[in-house]
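Structure first, commentary second.
Chains as they are written, first to last, in this note's numbering: chain A, 305 to 526; chain B, 1125 to 1349.
Okay, structure coming up:
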């Protein structure tokens, strides 16, 4: 990861530089017009959040069952990135909804459960912060339950009839349901996911250093 | 061995509870006062808002359940009895099952009080389909208690556990509460909407399977220091 880090930063930087132009030049959607362009931020934010959740869930499992403290560093990073991008999705969603549905917030299944998912990972951070010694394991269990809820949130739009579009929108778009939208969307999604991975890498490094520092303090006291 | 351990843990909890009735009486009282508090919010000109009954029922269950969870494990913290339990040469998941059964018993009693109370005070036809209602209550309670028992047990060692229990418990169990509320609301329609209620029972069952499996799987590493 260390050798890949600088090239990744460069690729992500280039992507973030060109994607805005691609989005600006993408065709207008026939019924929603300009407001549909939030799509290029909204869906990639959730993809980045799920990247964070995936990392957090797997790392929490490894930490809990193998007692691997390095994995715990990845778990914190994943959770914080998940909360950050989740917040972005929760802000961009209502902005879009206000124009498309006429209201900021609809209590439909997808919106409610997405908010819940965000709350679960905020709870994860709070437990670590205020739970005192030993709270890392507690937080890891929270993360496992949160990760178990995540697929349910993703599939909720296909199970229930909701105002929120179904999951099939993204594959259809990439297959060319809206000419000229596949490339800007694909690159935007790639940029967001890469950014999430970079954030996780940096944050994990910090967490490992904090852990090393804690160990040194403990040694000094003994 | 497994079932025997679970049974012994359950019997131990019953024996302690039978001395003072502390958890049960406080939980029941709190559940009843919850219903009253919500009645203030959802009654207009002497009539309850439509659909309020199922929400009030489930929120009262969730709130009083949290209280009971906190109290039951606070008891285990005095004189470190939880540690003694964990030191016993018994399978850890069995301890969890024993504790979970105790919780389910308390919540079952609370529901036995709450359901008639809500039906009576909000003119809700909760008893129109008793079997479906039982299915919803059982599914919802198991899901809520499965997560609650795990987290309450873990929080015994944590700082500020009173605050952290609801913070962890509600986001994770709200899907279960939603399923319970929607399912019960379907039963309250006239005539009761059986297919919808059955669908929610199915969703509750799916959640129960996931939550109980995850809890059994993580209880051992979580309770190891």
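Don't be surprised by glycine CBs; every beta carbon is placed ideally from N, CA and C. This one's a predicted model, so the numbers in the text were calculated from it and none came from an experiment.
| Item | Value |
| --- | --- |
| Residue 1178 of chain B beta carbon less than 8 Å from that of residue 1308 of chain B | yes |
| Interface residues of chain B facing residue 439 of chain A [CB-CB closer than 7 Å] | 1282 |
| In chain order, each alpha helix (DSSP H) run of at least 4 residues that lies wholly inside the segment 381-413 of chain A | none |
| Within 9 Å of chain A by C-beta, residues of the segment 1216-1228 of chain B in sequence order | none |
| Contacts around residue 478 of chain A, its chain only, beta-carbon distance under 8 Å, and the 5 residues preceding and following it disregarded | 486, 489 and 490 |
| The segment 394-412 of chain A in contact with the segment 362-380 of chain A per 3-pair CB rule at 8 Å | no |
| Chain A within 8 Å of residue 1295 of chain B, Cβ atoms only | yes |
| Residue interval of the alpha helix (DSSP H) (run including residue 371 of chain A) | Neither: residue 371 of chain A is in no alpha helix (DSSP H) and is coded neither H nor E. |
| For residue 1137 of chain B and residue 372 of chain A, the rounded distance between their alpha carbons | 35 Å |
| Contact list for residue 369 of chain A against chain B, beta-carbon separation under 7 Å | 1345 |
| Bridge partners - residue 1172 of chain B, DSSP secondary structure assignment | B:1167 |
| Collapsed DSSP secondary structure at residue 523 of chain A in the structure displayed | helix |
| Residue 435 of chain A in three-state terms, based on DSSP | coil |
| Contact residues within the segment 418-446 of chain A, judged by C-beta distance below 7 Å to chain B | 420, 423, 424, 427, 430, 431, 434, 435, 436, 438, 439, 441, 442, 445 and 446 |
| Cβ shell of residue 468 of chain A (< 7 Å), same chain only, five flanking positions each side left out | 412, 414, 415 and 461 |
| Those runs of the beta strand (DSSP E) which lie wholly inside the segment 1216-1287 of chain B and span at least 3 residues | none |
| Helix, strand or coil at residue 480 of chain A [DSSP, three-state] | coil |
| Beta-carbon contacts of residue 351 of chain A that lie in its chain and below 7 Å, excluding the five residues immediately before and after | 493, 496 and 497 |
| Beta bridge counterpart(s) of residue 509 of chain A as assigned by DSSP | None; residue 509 of chain A has no bridge partner. |
| Amino acids of chain B, ordered along the chain, whose beta-carbon sits closer than 7 Å to that of residue 452 of chain A | 1334 and 1338 |
| Residue(s) in a DSSP beta bridge with residue 1313 of chain B | Residue 1313 of chain B is not bridged to any residue. |
| Span of the alpha helix (DSSP H) around residue 1323 of chain B | 1318-1346 |
| Reference residue 334 of chain A, options A:439, A:481 and A:397, closest by Cα | A:481 |
| Length of the line joining the Cα atoms of residue 1160 of chain B and residue 390 of chain A | 37 Å |
| Against chain A: residues of the segment 1256-1288 of chain B by CB proximity under 8 Å | 1271, 1274, 1275, 1278, 1279, 1281, 1282, 1283, 1284, 1287 and 1288 |
| Span of the alpha helix (DSSP H) around residue 1144 of chain B | 1126-1144 |
| Residue environment, residue 1332 of chain B, which counts as buried when at least 16 other CB atoms sit within 10 Å | buried |
| Sub-8 Å separation of residue 1134 of chain B and residue 1141 of chain B beta-carbons | no |
| Residues within the segment 384-411 of chain A neighbouring chain B, beta-carbon criterion of under 7 Å | none |
| Opposing strand residues paired with residue 337 of chain A [DSSP bridges] | A:333 |
| Among B:1328, B:1188 and B:1203, the one whose alpha carbon lies nearest that of residue 1238 of chain B | B:1188 |
| Option in B:1343, B:1313, B:1176 and B:1255 with minimal Cα separation from residue 1270 of chain B | B:1343 |
| Contact set between residue 448 of chain A and chain B, taken where Cβ atoms lie within less than 8 Å | 1338 and 1342 |
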